[in-house]
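Take a look at the structure below.
Residue numbers (the working numbering): 1 to 101.
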């Protein structure tokens, strides 16, 4: 079986790919490869007319710019007391979990 679950502020969606009776899906089949496409299709339709929104960052959580495998910095979330000291802390302008391109 392969599962993928995700959410938005108002909707939770899960997709499942598998067989009614236990059977191998094949080498390397995971939720992120087998079940994700169905989840993307479902959530795309459900959220088509829903305005984009972001969850607020909880107290004590900071966004830190970290290297992203040569693609440039990416924002990762840390408890303030566990944030890496050698990288610069970056807070989104509106203190939300705004996405990074």
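Cβ coordinates follow ideal geometry from the N, Cα and C atoms, glycine included.
Exposed unless 16 or more other CB atoms sit within 10 angstroms - verdict on residue i
i: residue 35; result: buried
i: residue 61; result: exposed
i: residue 15; result: buried
i: residue 53; result: exposed
Residue i - DSSP class collapsed to helix/strand/coil
i: residue 46; result: helix
i: residue 107; result: The question about residue 107 has no answer, for the chain in this structure spans 1 to 101.
i: residue 73; result: strand
i: residue 65; result: strand
i: residue 41; result: helix
Integer-rounded CB distance, given that residue j should sit under 8 Å from residue i
i: residue 44; j: residue 3; result: Not confirmed; about 18 Å, so no contact.
Contact with chain B by residue i, beta-carbon distance below 8 Å
i: residue 65; result: Here chain B cannot be found, since the structure has a single protein chain.
Contact check, residue i vs residue j, beta carbons under 8 Å
i: residue 1; j: residue 26; result: no
Requested in this report: Could you say if the stretch 20-33 and the stretch 66-75 meet the contact criterion of at least three C-beta pairs nearer than 8 Å?
Outcome: The stretch 20-33 vs the stretch 66-75: no contact.
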